[in-house]
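Structure first, commentary second.
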Amino acid sequence: MSDEMKERIKAIAASVAFLGLFLLAWNVFVTAQNGPAADMDPELAALLGPQAKGQSALPTPGEVGAEIWSHVTNPFYDAGPNDKGIGIQLAYSIARVLTGFGLAALIAIPLGFLIGMSRLAERALNPYIQLLKPVSPLAWMPLALYTIKDSEISSIFVIFICSIWPMLLNTIFGVASVRRDYLNVARTLEVTPLRTAFRVILPAAAPTILTGMRISIGIAWLVIVAAEMLVGGTGIGYFVWNEWNNLSITGVISAIFFIGLVGMVLDLILGQAARLVAYAE
Amino acid sequence: MDARKKILKIEGLERRFPAPDGKGETQVFGDLWFDVKEGEFVCLIGHSGCGKTTLLNIMAGLDKASGGHVLADGFNVEKPALDRAVIFQGHALMPWMTALGNIDFAVASRWPGWSRDERRAQCQKFIDLVHLTGSEDKKPAQLSGGMKQRVGIARALAIEPKILLMDEPFSALDALTRGSLQDELLGIVAARNQTSFMITHDIDEAILLADRIVLMTNGPEARVCEIVENTLPKGRNRSDMHTHPNYYPMRNHLIEFLVNRSKSFKQELAARSYDPKSPPTVRPGAPSDRPNKVAS
Ligand SMILES: Nc1ncnc2c1ncn2[C@@H]1O[C@H](COP(=O)(O)OP(=O)(O)O)[C@@H](O)[C@H]1O
Ligand SMILES: [Mg+2]
Chain A
1 MSDEMKERIK AIAASVAFLG LFLLAWNVFV TAQNGPAADM DPELAALLGP QAKGQSALPT
61 PGEVGAEIWS HVTNPFYDAG PNDKGIGIQL AYSIARVLTG FGLAALIAIP LGFLIGMSRL
121 AERALNPYIQ LLKPVSPLAW MPLALYTIKD SEISSIFVIF ICSIWPMLLN TIFGVASVRR
181 DYLNVARTLE VTPLRTAFRV ILPAAAPTIL TGMRISIGIA WLVIVAAEML VGGTGIGYFV
241 WNEWNNLSIT GVISAIFFIG LVGMVLDLIL GQAARLVAYA E
Chain B
282 MDARKKILKI EGLERRFPAP DGKGETQVFG DLWFDVKEGE FVCLIGHSGC GKTTLLNIMA
342 GLDKASGGHV LADGFNVEKP ALDRAVIFQG HALMPWMTAL GNIDFAVASR WPGWSRDERR
402 AQCQKFIDLV HLTGSEDKKP AQLSGGMKQR VGIARALAIE PKILLMDEPF SALDALTRGS
462 LQDELLGIVA ARNQTSFMIT HDIDEAILLA DRIVLMTNGP EARVCEIVEN TLPKGRNRSD
522 MHTHPNYYPM RNHLIEFLVN RSKSFKQELA ARSYDPKSPP TVRPGAPSDR PNKVAS
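See the structure below:
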């Protein structure tokens, strides 16, 4: 067995051990809180729910595991507006993120290209980009709801506005820092501007652009949960909010698990795309 | 007198840059006059910083002169053109393209109407010429420094330029690799009767390759000090060049220039007449090979 393989197996073993320890600690913590039931006014007990019976507010890992499993085995059921399978809710969120992100890419990349090729445009527009970039995307929500008057489009708009900045800035930077040598080669070969853009500048800047896209999709996935909590109706953010209103901490924790999982997959996809356009100098 | 056509003429060329302190301008070089004849190999030597790269960029059309002009085949050089190929100081290969891809990019630019097969045949011809057969599909990162510069040479030659411009193409290579690339370039250029202009600061490289050597003094305000005709006969090669009686006179003359005269050219000028439009031509040779100096 090679050293590389040994290292990997060690890392996997450590991961599994870490997970085991974490689940054990969680379980011990929750069961320790489940003391004997205290004497209590039945009305108050009904209000407090499980805590009144001396039970912990937190579910055990087993309960969460069962919940996750039930979602995995039946992800797409639809029993009315407040009771849809997690697969459906995730699909709504992913669709919004991809739409907002896709529109942002469609605008940010060509626009960044044009700005990056002109020092004047870069300098003229940089102050506005720097001003708008740090604004929390949710701050746009009231404005979007007021002007668009459609919660669905508003949440897509919020995704759009939060994804656009990293892609725009990285495209500008990537295009502006293409090595002079490459451009000079194209010039001595009398290559047309359009061909230079596609054969020289785009491949040279692609790794930087992809990094921007990767940052954008990460932010978009963070923001969609908050946006859907605000707007409601459908989506994984609304699902979390609904579970909380139902006091189902088990539901909230299993949703956190799925949110993390989807975010990881989105990042992996863009990571793979980045590998396709990477080059060694 | 050489009756060949002057394919490249540098006439009163000057380049100024804004001074570092922001006030006024400094002249990097000025009043440069020399030419390159058809089929000739001209080297230019000068110290680092005297403006060699700037000069070559102007000759290529990548930079603009502040005064004077460059004539290529009788036409004023205003922008780059495919009949003047450039081999850059760094190899300047596109790292995302293979060796073949880099050459094909040039060939497709030169002959946009060619079919894939025609382009492929042209690329292969030049890949074989620089002995890169078998490395067509490697990316620059997988090639050694010498191989990268070979791709650069193939890319420049594959467009069949009238003039080959080279900016210290071998300066980043180790001595052994540099030697074998010099030999190859010499063979290729001679076989194709390729008009070439090369910047270098390697004296032996200049003696091996050049028919004439332009000496450029130190900047700022660099000038052409003189033009040295290579007194070693054509058909030179690295292995026995140094046994020729004219080798040491040539070499000593060039060393003397680089070590002393390039710095003190202004004092030297004060002591004698100098016409920038026709800098003196010098033929360093063994005592039997006199006369030493002839008017140009
Ligand atoms: N774009 C520029 N702006 C200002 N000064 C420059 C610029 N390019 C070159 N120079 C100056 O011109 C001089 C010659 O540079 P260069 O042509 O690169 O010299 P060489 O190739 O002989 O080493 C240097 O002193 C350099 O600082
Ligand atoms: Mg230089």
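Protein chains in written order, with the numbering used here: chain A, 1 to 281; chain B, 282 to 577.
Built from N, CA and C at the ideal position, the CB exists for glycine as well.
The C-alpha of G516(B) lies about 57 angstroms from the C-alpha of L169(A). For H71(A), the enclosing alpha helix (DSSP H) starts and ends at P61 to T73. Unbroken alpha helix (DSSP H) runs of no fewer than 4 residues, entirely contained in the region 184-208 of chain A, are found at 193-196, following chain order. Those residues placing their Cβ nearer than 5 angstroms to any heavy atom of ligand 1 are, following chain order, F298(B), V309(B), S329(B), G330(B), C331(B), G332(B), K333(B), T334(B) and T335(B). A distance below 9 angstroms separates the beta carbons of G293(B) and H350(B). DSSP places Q308(B) in the strand class (E or B) of the three-state scheme.
Interface flag for A204(A) against chain B is set, since a Cβ pair is found closer than 9 angstroms.
Rounded to whole angstroms, the separation of the alpha carbons of F478(B) and V323(B) is 5 angstroms. A distance of 9 angstroms or more separates the beta carbons of P137(A) and A17(A). By the CB criterion at 9 angstroms, L513(B) and Q475(B) fall outside the cutoff.
In this structure, the beta-carbon distance from E449(B) to T498(B) does not fall below 9 angstroms. In this structure, the CA atom of N126(A) is about 45 angstroms from the CA atom of I408(B).
The beta-carbon separation of T334(B) and V309(B), rounded to 10 angstroms, does not stay under the 8 angstroms limit for a contact. Interface annotation, E243(A): not in contact with chain B, CB-CB separation never under 9 angstroms. Three or more beta-carbon pairs separated by less than 8 angstroms link the region 314-322 of chain B to the region 491-510 of chain B, which places the two stretches in contact.
Setting aside the 5 residues that flank it on each side, P561(B) is surrounded in the same chain by E507, each with a C-beta closer than 6 angstroms to its C-beta; the list follows chain order. Think of a sphere of 9 angstroms around the beta carbon of P299(B): no beta carbon from chain A falls inside it, the nearest being about 16 angstroms out.
Contact of W377(B) with chain A is assigned, a C-beta pair being separated by under 9 angstroms.
Against chain B, the CB of N184(A) has a partner CB under 9 angstroms away; the residue lies at that interface.
Within chain A, no C-beta atom comes nearer than 7 angstroms to that of P561(B); the closest sits roughly 33 angstroms away.
Of all residues in the region 548-559 of chain B, none comes within less than 8 angstroms of chain A when Cβ atoms are compared. When distances are taken from the beta-carbon of E449(B) to the heavy atoms of ligand 2, the shortest one is below 8 angstroms. Minimum Cα-Cα distance from L194(A) among the listed residues M117(A), A95(A) and A273(A) corresponds to M117(A). DSSP, read as helix, strand or coil, puts G348(B) in strand. For D267(A), the CB contacts under 8 angstroms within the same chain, skipping 5 residues up- and downstream, are R214, I217 and G218 in chain order. For K6(A), the secondary structure class from DSSP, reduced to helix, strand or coil, is helix. At a threshold of 8 angstroms, Q475(B) does not count as near ligand 2, since its beta carbon sits no closer than that to any of the ligand's heavy atoms. Membership of I291(B) in the beta strand (DSSP E) is indicated by the continuous run K287 to P299. Classified as buried, E243(A) has 16 or more neighbouring CB atoms from the shown chains inside 10 Å of its CB.
Boundaries of the alpha helix (DSSP H) harbouring R436(B): G426 to A439, taken from the DSSP string.
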